[in-house]
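If you read the sequences in order, they're chains A and B. For the first sequence, the positions run 0 to 345 when numbering that gives the first Met the number 0 is used. For the second sequence, the positions run 0 to 473 when numbering that gives the first Met the number 0 is used. Just so you know, even glycine gets a beta-carbon here, dropped at the ideal spot from N, CA and C. Treat the numbers as computed from the prediction; the structure is a model and nothing was measured. What follows is a single structure, written as structure tokens, with notes after it.
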Amino acid sequence: MLHDRLLLVLALAVTILVGLAAVFAVAAIFLRLRNARLAARWAALEAVWQPLVLDALTGGGAPDAVAAAVAPADAGRFVDYLMRFLQRLRGVEAQRVQALAQPHLALIERRVRDGDVEQRARAMHTLGLLAASRYAGALVDALRDPSPLVAMTAARALAATGEPRYLPELLAAMPGFALWQPRYLAALLTRGRAAAGPRLRECFSDERQPIRTRLVAAEALVMLHDFNAADAAAAVAAAPAADRELRAVALRLLAAVGTPRQHGPVADLLAESDAVLRGQAAAALGALGGADDVPRLCQLLDDESVWVALQAAKALARCGGVGELRRLAAAGHARADLFRQAEAEP
Amino acid sequence: MTVALAWLVIHVFAWVVLAYFIAINGIYLITSGFAFFALLRHARRLKALDAAQVLTAEIAPPVTMLAPAHNEATTVVDSVRSLLTLVYPDYEIIVINDGSTDETLARLHAAYALRPAPRQATAALPARKVRGIYRSASHPQLWVIDKENGGKADALNTGINYCLTPLFCAMDADSLLERDALTRIVRPFIEDTRVGATGGIIRIVNGCTVRDGMVRAVEMPRRWLARFQVMEYLRAFLSGRMGWDALDATFIISGAFGVFRRELVVAAGGYRRDTVGEDVELVVRLHRYCRERKIPYRIGFVPDPVAWTECPDTFAGLRRQRDRWQRGLTETLARHRVMMFNPRYGSIGLLAYPYFYFLEMLGPVIEFLGYMVFIVSVIGGVVTPAYALAFFLVAFVLGVALSFAAIGLEELTLRRYPRRRDVLMLFLLAVLENFGYRQLVNFWRMQGMFSALLRRKGWGKMTRRGFRIVKDTP
């Protein structure tokens with residue numbers, strides 16, 4: 000009796016599992032066929048669109064002819080197709096691509112309101128590339144979206160416009176991107192090139208701003224090689240109470256844009272207790288210093304941190320201390336390989 | 000009475016075996032479910048972020064590719080050529096010649112114009128002596144470190160000791176990375192500064208067309224042994240690792256392709272040289288290191304960066320490989336027993352560790368004994384053939400369903416097999432592997448576990464055929 004019941008249970012389990020396996024098999028086959036069908040359909044559509052779009056981009060074809068070739072159900076796909084052109088085009092041709100997309104953006108706009116997280120993010124990305132001016136308000140609002148993905152795509156779209164007027168909004172949104180790499184965030188802020196400088200300097204120097212935001216602003220100033228930020232960088236680097244990472248970026252900024260006026264504060268930082276700051280100070284001195292700095296840089300060649308020693312060796316090579324590096328290497332210094340390596344680097 | 004008791008024990012054990020089959024495959028099905036949603040979300044996220052545009056030259060963190068090589072003369076030049084064509088703004092390559100006794104170093108010298116060059120060690124992870132350091136005159140981003148033989152972990156430690164970049168990529172010397180693989184696997188480090196390590200997907204290159212260090216056409220292998228491994232890898236990566244990643248419990252990053260934060264690995268002590276499972280041991284130790292020190296971190300798996308690798312296509316080669324993998328897993332699990340069901344280690348201690356301990360490590364033993372028990376039970380008349388068949392069918396169909404789910408995941412997102420017959424072959428493999436292949440592999444895994452308990456060492460040897468022989472059509 001028990002045996003029969005157990006057999007029945009097993010038979011039932013096998014039946015259910017066979018059904019499950021069949022469902023998975025059918026799903027896999029369905030996906031395969033669907034993907035193949037979609038790929039063929041998109042290839043056929045794109046074969047129709049391509050000559051029309053290329054004509055319109057060269058100014059020879061009418062945008063109306065392109066619009067007429069796009070069925071309402073294919074609008075989303077057509078917009079994605081146009082996005083591929085935007086990755087390669089600039090100037091007048093890019094504007095023509097954006098013009099071709101305009102009749103179909105209502106669908107994308109609906110996704111901003113009604114879509115799930117990924118759909119909204121993709122919609123933000125699309126509207127930002129194709130019609131940033133028209134949808135600037137929505138993009139700025141999206142910087143405060145509860146989804147980090149949506150906020151980031153909006154930030155990228157605003158940054159891609161290169162317009163400095165969005166910089167304050169982007170800076171205000173930085174605390175929401177706390178996990179992202181600071182250099183990535185800084186790259187977003189530098190799209191406006193030199194025009195972004197004043198606002199970034201102001202943010203970097205403002206102690207009321209969140210540390211993270213100041214850090215990103217400092218990284219952006221490094222990328223822009225903003226010479227006007229040198230004094231502010233020296234002040235931050237020399238402030239013992241300032242955040243360590245902020246001071247380190249300030250030193251990297253000085254290495255990029257420092258002048259002899261900042262030489263003194265940088266040289267003082269060679270005695271910092273923090274190895275990261277010592278290393279960055281050595282690197283900055285390599286850019287700002289000269290032959291007079293060779294003795295103090297030589298002292299760092301025996302630093303407990305090999306990274307500090309490496310920075311000091313590279314700085315020595317820039318300050319005219321190559322002879323000293325060769326002498327120490329020839330004398331069999333424990334870090335001879337490091338000195339030769341620093342000398343060999345361009 | 001004694002006989003009756005023995006039969007009762009056998010009967011109970013039979014149910015234990017069935018419970019094991021249901022547990023391991025059931026968990027795989029659950030992780031497949033998580034993997035399904037995670038893969039969908041991942042693909043849509045990549046599209047939303049326009050992932051190809053995320054990593055630009057000015058922000059890409061420099062990466063050092065560490066490629067340990069031991070007697071890889073047949074493939075090393077092609078492998079390095081493949082690495083030199085990666086699309087990534089700032090990276091260098093260190094090939095660590097681990098005491099090769101063949102022409103590995105000579106071929107690198109000849110192909111890449113190596114010259115002695117100075118390079119300072121920046122860490123002191125335990126490793127055997129370095130005999131020479133060379134830099135390519137033709138490709139300055141390529142370095143070769145020649146050292147005494149010490150094994151893969153030793154070679155990787157050497158590479159890390161000479162690594163100057165914040166990230167390093169640990170790989171096998173014969174791994175073929177897709178050109179955008181490095182860009183894709185580094186992307187999580189940009190999006191989340193807590194990321195300490197990421198693993199990519201490993202696919203089998205046997206049967207594929209490889210030219211100039213790149214996979215040009217994807218096809219199924221010709222040999223059945225390699226074909227079964229294709230199915231295994233699909234399950235392992237798409238259902239397994241993607242699912243565990245969705246649970247924030249990535250337990251393994253393949254030694255063939257993973258990127259790590261140098262500083263974190265050095266702080267944790269680098270690779271252990273006293274295990275053949277140095278890849279899994281490092282990842283588990285990184286989890287332990289970060290959690291014990293309450294360091295915010297993330298170790299994950301990313302399904303879009305792909306590395307292709309040659310799998311063993313002989314019984315001897317596959318046996319050695321599976322023996323070694325199981326030994327490595329056993330050694331790692333024994334070493335980090337403190338994590339078992341320990342809430343201090345979060346999802347790793349509560350979910351991943353027990354799964355790998357009871358189901359992946361002990362599983363082969365249970366399965367092997369289960370087969371023995373069934374045979375004895377049927378012969379002894381304890382169970383009827385119908386009963387035994389039903390038992391077998393439950394385990395068999397569950398395994399097949401799991402494989403079908405993996406094929407579905409492949410078609411959902413990655414779709415690497417363009418030929419219809421290759422996909423049909425996958426369905427066939429999902430069924431056939433249960434009639435011999437699975438049992439054989441489990442037997443070898445069981446041997447591996449006992450080898451670990453008996454503290455047997457060594458990697459064994461895999462004969463490399465070389466990519467030129469894989470298939471080359473004009």
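Cross-strand partners of residue i (DSSP beta bridge)
i, result
"ALA131 (chain B)", "Ala is not the amino acid found at residue 131 (chain B); the sequence shown has Gly there. B:ASP145."
"LEU176 (chain B)", "B:ALA306"
"TYR90 (chain B)", "B:VAL62"
"ALA245 (chain B)", "Answer is none; ALA245 (chain B) lacks a bridge partner."
"GLY257 (chain B)", "B:ALA169, B:GLY198"
"ASP97 (chain B)", "B:LYS146"
"THR208 (chain B)", "B:ALA216"
"ARG114 (chain B)", "B:ARG134"
Three-state secondary structure assigned by DSSP to residue i
i, result
"VAL139 (chain A)", "helix"
"LEU65 (chain B)", "strand"
"GLY199 (chain B)", "strand"
"THR103 (chain B)", "helix"
"ALA329 (chain A)", "helix"
"PHE434 (chain B)", "coil"
"GLY299 (chain B)", "strand"
"PRO209 (chain A)", "coil"
"THR331 (chain B)", "helix"
Residue environment, residue i, which counts as buried when at least 16 other CB atoms sit within 10 Å
i, result
"MET338 (chain B)", "buried"
"ASN34 (chain A)", "exposed"
"ARG200 (chain A)", "buried"
"THR472 (chain B)", "Bear in mind that a pLDDT of 31 at THR472 (chain B), under 50, signals an unreliable position, so the number given afterwards is only what the model happens to contain. It is exposed - the Cβ of THR472 (chain B) has fewer than 16 other Cβ atoms within 10 Å."
"GLN94 (chain A)", "exposed"
"GLN347 (chain A)", "There is simply no residue 347 (chain A) to check, as chain A begins at 0 and stops at 345 in what is shown."
"GLY158 (chain B)", "buried"
"LEU224 (chain A)", "Reading off the sequence shown, one finds His at residue 224 (chain A), where the question assumed Leu. Classification for HIS224 (chain A): exposed."
"VAL65 (chain A)", "buried"
"GLN52 (chain B)", "exposed"
"ILE107 (chain A)", "buried"
"VAL469 (chain B)", "Because the pLDDT of VAL469 (chain B) is 40, which lies under 50, any placement of that residue in the model is unreliable, and the number read from its coordinates should be weighed accordingly. Classification of VAL469 (chain B): buried, given that the 10 Å Cβ count is 16 or more."
"GLY268 (chain B)", "exposed"
"VAL86 (chain B)", "exposed"
"SER272 (chain A)", "exposed"
"LEU452 (chain B)", "exposed"
"ALA55 (chain A)", "buried"
Closer than 8 Å to chain A by CB, residue i
i, result
"ARG193 (chain B)", "yes"
"ILE58 (chain B)", "yes"
"ALA216 (chain B)", "no"
"TYR111 (chain B)", "no"
"ILE189 (chain B)", "yes"
"LYS46 (chain B)", "yes"
"GLN119 (chain B)", "yes"
"TYR296 (chain B)", "no"
"TYR386 (chain B)", "yes"
"ARG467 (chain B)", "Any reading at ARG467 (chain B) must be qualified, since the residue scores a pLDDT of 38, below 50, and its modelled position is unreliable; the value itself is stated next. Chain A contact via Cβ: absent."
"LEU411 (chain B)", "yes"
"VAL76 (chain B)", "no"
is_contact[residue i, chain B] using C-beta, thresh 8 Å
i, result
"ARG182 (chain A)", "yes"
"MET173 (chain A)", "no"
"GLN340 (chain A)", "yes"
"ALA141 (chain A)", "no"
"HIS103 (chain A)", "no"
"LEU30 (chain A)", "yes"
"LEU223 (chain A)", "no"
Whether or not the segment 146-158 of chain B and the segment 6-14 of chain B are in contact is what I'm after, with contact meaning three or more pairs of Cβ atoms, one per stretch, closer than 8 Å; do they touch? Counting Cβ pairs under 8 Å, fewer than three are found: no touch.
Query raised in the report: Is there contact between the segment 332-340 of chain A and the segment 317-332 of chain B, where contact requires at least three CB pairs shorter than 8 Å?
Result: No: fewer than three Cβ pairs fall under 8 Å.
- Message: Check whether the segment 201-208 of chain B and the segment 185-194 of chain A touch, using three or more Cβ-Cβ pairs below 8 Å as the test.
- Response: no
Three or more C-beta pairs below 8 Å linking the segment 408-415 of chain B and the segment 373-384 of chain B: No: the two stretches stay apart, fewer than three of their Cβ pairs being nearer than 8 Å.
* **Cβ pair count under 8 Å reaching 3, the segment 48-67 of chain B against the segment 117-133 of chain B** => no
Worksheet item: At a cut of 8 Å, does the segment 166-178 of chain B reach the segment 32-41 of chain B through at least three beta carbon pairs?
Response: Contact between the segment 166-178 of chain B and the segment 32-41 of chain B is absent, because fewer than three Cβ pairs lie under 8 Å.
For the structure I just gave you, are there three or more beta carbon pairs, one from the segment 247-264 of chain B and one from the segment 340-358 of chain B, closer than 8 Å? yes
(message) Tell me whether the segment 141-155 of chain A and the segment 69-84 of chain B touch, counting them as touching only if at least three CB pairs, one residue from each stretch, are closer than 8 Å.
(response) no
Cβ contact (3+ pairs, closer than 8 Å) linking the segment 174-192 of chain B and the segment 131-143 of chain B: no
Stretch pair the segment 86-102 of chain B + the segment 308-324 of chain A: three plus CB contacts closer than 8 Å
no
| Would you call the segment 282-302 of chain B and the segment 341-349 of chain B in contact, with 3 or more CB pairs under 8 Å? | yes
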